[in-house]
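This report refers to the structure that appears directly beneath it.
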Amino acid sequence: AVLGFLFTPYVTVRPINAIRKALSAMPLERLMALMIGVFLGLIAGSAQAAQGIGFSVFPLIFVSSAYVPVESMPGWLQPFAENQPVTAMVGSVRALVLGGDTEALLGHTTSWFVVRSLAWSALILVLFATLSTRKFTKL
Numbered sequence: 024a025v026l027g028f029l030f031t032p033y034v035t036v037r038p039i040n041a042i043r044k045a046l047s048a049m050p051l052e053r054l055m056a057l058m059i060g061v062f063l064g065l066i067a068g069s070a071q072a073a074q075g076i077g078f079s080v081f082p083l084i085f086v087s088s089a090y091v092p093v094e095s096m097p098g099w100l101q102p103f104a105e106n107q108p109v110t111a112m113v114g115s116v117r118a119l120v121l122g123g124d125t126e127a128l129l130g131h132t133t134s135w136f137v138v139r140s141l142a143w144s145a146l147i148l149v150l151f152a153t154l155s156t157r158k159f160t161k162l
């Protein structure tokens with residue numbers, strides 16, 4: 024993070040606006056991550072098991088647009104990679120940081136990426152809050 028701020032003057036984006044926009048969505052995404060952690064902690068038998076279960080979502084990063092464009096993936100993998108939460112969140116961060124004409128650069132408008140990201144976050148939050156509540160009441 025420190026290096027990012029040091030090299031910001033040399034990049035052609037407006038970091039302050041991008042940071043403000045990105046921070047506005049952080050509470051929802053933090054709450055989503057918290058609810059996933061609560062659920063994994065409730066279903067795990069121990070702290071070590073909970074930590075191991077947490078790594079089960081790690082492969083989703085590699086099957087997203089975080090490292091390579093979805094178009095460069097095999098045809099059978101593209102529909103899954105295009106329609107998963109990590110791709111939506113990575114796309115929204117890219118759109119907010121790039122600013123300007125993201126439709127020409129990324130293929131969609133900034134609002135399209137942000138709305139998809141927030142929709143995935145809300146869906147996952149509701150799902151894991153419900154599952155956590157049900158699991159907790161059965162304890």
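Residues in the sequence shown are numbered from 24 upward in steps of one, following my numbering. We put the beta carbon where it would ideally sit given N, CA and C, even for glycine. Predicted model only: the values in this text are computed from it and were never measured.
What's the gap between the Cα of residue i and the Cα of residue j?
{"i": "S87", "j": "W143", "result": "14 Å"}
{"i": "F151", "j": "M55", "result": "8 Å"}
{"i": "F159", "j": "L148", "result": "16 Å"}
{"i": "F78", "j": "I59", "result": "12 Å"}
{"i": "A145", "j": "L51", "result": "7 Å"}
{"i": "G122", "j": "A111", "result": "16 Å"}
In the structure shown, what three-state DSSP assignment does residue i receive?
{"i": "K158", "result": "helix"}
{"i": "G114", "result": "helix"}
{"i": "P108", "result": "helix"}
{"i": "P97", "result": "coil"}
{"i": "T31", "result": "The pLDDT assigned to T31 is 46, lower than 50, so where the model puts this residue is not dependable, and the model offers no usable value."}
{"i": "G12", "result": "Because residue 12 is not part of the residues shown, which for the chain are 24 to 162, the question remains open."}
{"i": "F81", "result": "coil"}
{"i": "L26", "result": "Residue placement at L26 is flagged as unreliable, the pLDDT there being 43, under the threshold of 50; the coordinate-derived value follows with that caveat. Here L26 sits in helix by DSSP."}
Exposed or buried, residue i, counting other C-beta atoms within 10 Å across all chains shown (16 or more means buried)?
{"i": "E126", "result": "exposed"}
{"i": "G75", "result": "exposed"}
{"i": "P108", "result": "buried"}
{"i": "T153", "result": "exposed"}
{"i": "S140", "result": "buried"}
{"i": "F85", "result": "exposed"}
Take residue i and list the residues in its own chain whose beta-carbon comes closer than 7 Å to its own, dropping the five residues that flank it on each side.
{"i": "E105", "result": "V93"}
{"i": "F117", "result": "Note that residue 117 corresponds to Arg in the displayed sequence, not to Phe. Cβ within range, chain order: L129."}
If you drop the 5 nearest sequence neighbours on each side, which residues of the same chain put their C-beta closer than 8 Å to that of residue i?
{"i": "L63", "result": "A73, I76 and G77"}
For residue i, which residues in the same chain have their Cβ closer than 6 Å to its Cβ, ignoring the five residues on either side in sequence?
{"i": "V137", "result": "S115"}
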